[in-house]
Every structure is written in C-alpha cells, then in structure tokens.
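Asker: For reference, each letter of the sequence shown is one residue, going 80 to 293 in my numbering.
Ideal placement from N, C-alpha and C gives every residue a C-beta, glycine not left out.
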Amino acid sequence: MTQNKINIQSYIKIENNEIVLNGTSVFKIEPTDFTDFAKQAYRNFEMQYPKFFKMDALSKLAFLGSELLLSPIVSTDPSDSELAKQKENNIALVLANKSSSLDTDVKYQESISDKENYFPSPAVFVYTLPNICLGEISIRHQLKSENSFFIFDAFNTDFMSNYSEILLNTNKAEKVLCGWAELFNDNYKAFLCIIDKEENEKYKNENINTLYHK
Numbered sequence: 080m081t082q083n084k085i086n087i088q089s090y091i092k093i094e095n096n097e098i099v100l101n102g103t104s105v106f107k108i109e110p111t112d113f114t115d116f117a118k119q120a121y122r123n124f125e126m127q128y129p130k131f132f133k134m135d136a137l138s139k140l141a142f143l144g145s146e147l148l149l150s151p152i153v154s155t156d157p158s159d160s161e162l163a164k165q166k167e168n169n170i171a172l173v174l175a176n177k178s179s180s181l182d183t184d185v186k187y188q189e190s191i192s193d194k195e196n197y198f199p200s201p202a203v204f205v206y207t208l209p210n211i212c213l214g215e216i217s218i219r220h221q222l223k224s225e226n227s228f229f230i231f232d233a234f235n236t237d238f239m240s241n242y243s244e245i246l247l248n249t250n251k252a253e254k255v256l257c258g259w260a261e262l263f264n265d266n267y268k269a270f271l272c273i274i275d276k277e278e279n280e281k282y283k284n285e286n287i288n289t290l291y292h293k
C-alpha cells in the first residue's frame with residue numbers, strides 16, 4: 080500500500096529508557112521501570128504540571144511526547160489575540176495503540192476482584208479508556224480541535240497518514256499531532272509527530288513509516 084506524502088515538522092520517539100527528539104537523543108537513563116523513567120524525564124525537562132503524577136502510565140507516556148513537541152508551537156502568551164490563539168492551538172490529535180487502556184484496566188480489575196478487600200479506585204477507573212490521554216493533552220495545551228484514538232494490531236501508518244491528511248485538507252485543523260503510544264506491563268513505545276500543510280525541507284523525503292522504524 081502506498082504511503083501518501085505528508086509534511087512532517089518534528090517527531091519524537093520514547094522507548095527503552097530513552098527519548099529521541101528529531102533524531103537526537105535528549106534523555107537517556109539506565110534501565111528502570113516506566114514509572115521511574117517517566118518521573119525522571121519529567122524532572123529533567125523541568126515540566127511544570129503537577130497533575131502529571133496523578134495520570135496513568137499511558138497518559139504519562141503520551142504526555143511526555145506531546146509536551147516536548149507542542150510546547151514550542153502552542154500559544155500560551157496572554158498578550159496574543161484570541162484569534163491568534165485559536166489558530167495556533169488548532170491542532171488535532173490522532174493517536175493509536177495495540178493494548179488500548181489494558182494496563183490500567185488490569186490494575187482496576189485487581190482493585191475489585193477480591194470480595195473481602197473490595198476497594199474500587201475512582202482515580203484508576205477514570206483512566207480505563209485510551210482516549211483519556213487525549214483529554215489530558217488537550218487540557219494541558221488548551222486544544223479544542225478534533226481528536227481520535229484508534230486500536231490496531233500494529234502501527235498502521237497508511238491509515239494514520241490518510242486520516243491526518245483529511246483533517247488538514249478539510250480545514251478541520253491547522254496541524255495534527257499523530258502517532259503511536261503503546262504501553263502494557265511496563266513495555267512501552269511512543270512515536271509522535273507534528274504534521275501540517277507546509278513542506279519541511281529537513282523531512283521532505285521522510286514519511287511516518289520511515290521515521291517510526293528508524
């Protein structure tokens with residue numbers, strides 16, 4: 080199946096205790112579990128968002144990637160006009176994974192399976208849908224644009240590329256944050272990229288598939 084041409088502006092990969100931003104390793108630590116890795120990454124980049132520590136692991140994974148991609152381009156200046164903010168923040172979110180929210184689902188199931196120690200946690204239950212991580216990103220960056228979360232056996236680059244192109248070509252969004260955020264039983268991988276209508280000379284010969292497999 081032919082990969083349609085899209086215009087990638089920036090991308091990030093998170094796996095194996097390392098964060099690679101636009102092809103450059105920007106954070107790497109000795110092997111540890113994801114919870115510890117996420118906490119160290121958050122502190123390393125001096126992110127200021129205390130709600131991060133209440134998120135489930137999938138949301139933390141997507142949040143870390145989106146934070147490093149969106150912070151440089153999303154309007155947060157209070158002096159900007161509302162019209163300028165609306166345009167700059169008109170970024171659609173299109174993510175996918177294989178395990179949905181299963182990592183959190185298992186933890187919630189454990190909290191209700193013992194009838195003698197029945198203690199359902201609302202704080203865990205709220206994350207038993209994969210698209211909740213999109214909500215966390217939208218709240219953080221004040222995004223009110225289109226967002227969708229899909230489930231595939233593997234990263235379907237053709238579908239994600241085509242879907243993102245439709246959003247751009249129908250003016251549903253100025254940009255699209257598109258990618259893969261998979262986490263289950265401490266195995267994790269995120270690949271996120273920003274695409275829009277303008278060609279980026281740096282990535283003019285690249286597509287989602289080639290960057291994902293680099």
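#1: Who are the Cβ neighbours of Thr81 in its own chain at under 6 Å, not counting the five residues just before and after it?
#2: Okay, do the segment 276 to 289 and the segment 211 to 221 touch, 3+ Cβ pairs below 8 Å being the bar?
#3: Is Gln305 helix, strand or coil when you go by DSSP?
#4: Per DSSP, what kind of secondary structure is Ala171 in: helix, strand or coil?
#5: Locate the alpha helix (DSSP H) running through Asn241, then write down its first and last residues.
#6: Can you give the Cα-Cα distance for Gln188 and Val205, rounded to whole angstroms?
#7: Can you tell me which of Asn266, Lys276, Met239, Ala233 puts its alpha carbon nearest to the alpha carbon of Asn250?
#8: Is the CB-CB distance between Leu137 and Asp182 below 8 Å?
#9: Can you give the Cα-Cα distance for Phe132 and Arg122, rounded to whole angstroms?
#10: Going straight from the alpha carbon of Ser243 to that of Cys272, what length do you get?
#11: Apply the 10 Å Cβ neighbour rule to Lys254 and answer buried if 16 or more other Cβ atoms are within range, or exposed otherwise.
#12: Could you give the distance in angstroms between the alpha-carbon of Val153 and the alpha-carbon of Leu222?
#13: With H, G and I counted as helix, E and B as strand and the rest as coil, what does DSSP make of Ser160?
#14: Let's test the definition: count the other Cβ atoms within 10 Å of the Cβ of Asn226 and tell me whether it reaches 16, buried, or not, exposed.
Answerer: Taking the definition as stated:
#1: Position 2 of the sequence shown holds residue 81. Unreliable placement is indicated for Thr81, whose pLDDT of 40 sits below 50; the coordinate value is still reported in the next sentence. Around Thr81: no qualifying Cβ.
#2: no
#3: Residue 305 cannot be examined here, being either before or after the span of the chain that is shown, 80 to 293.
#4: In the sequence shown, counting from the first residue as 1, residue 171 sits at position 92. Three-state result, Ala171: strand.
#5: Along the sequence shown, one-based indexing puts residue 241 at 162. First-last of the alpha helix (DSSP H) with Asn241: 236 to 248.
#6: The residue you call residue 188 lines up with position 109 of the sequence shown. The residue you call residue 205 lines up with position 126 of the sequence shown. Approximately 13 Å, taken between the alpha carbons.
#7: In the sequence shown, the residue the question calls residue 250 occupies position 171. The candidate whose alpha carbon is nearest that of Asn250 is Lys276.
#8: Locating residue 137 in the sequence shown gives position 58, where the first residue counts as 1. Locating residue 182 in the sequence shown gives position 103, where the first residue counts as 1. For Leu137 and Asp182, yes; Cβs fall inside 8 Å.
#9: Here residue 132 corresponds to residue number 53 of the sequence shown, with the count starting at 1. Here residue 122 corresponds to residue number 43 of the sequence shown, with the count starting at 1. Cα to Cα, the separation comes out at about 11 Å.
#10: Along the sequence shown, one-based indexing puts residue 243 at 164. Along the sequence shown, one-based indexing puts residue 272 at 193. Distance between the alpha carbons of Ser243 and Cys272: 11 Å.
#11: By one-based count along the sequence shown, residue 254 stands at place 175. With 16 or more Cβ atoms within 10 Å of its Cβ, Lys254 is classed as buried.
#12: Residue mapping note: residue 153 aligns to position 74 of the sequence shown, counting from 1. Residue mapping note: residue 222 aligns to position 143 of the sequence shown, counting from 1. Distance between the alpha carbons of Val153 and Leu222 is about 9 Å.
#13: In the sequence shown, the residue the question calls residue 160 occupies position 81. Low local confidence applies: a pLDDT of 47 at Ser160 is under 50, so the model's placement there is unreliable, with the coordinate-based value given in what follows. Coil.
#14: Translated into positions along the sequence shown, residue 226 becomes position 147. Buried, by the Cβ-count rule.
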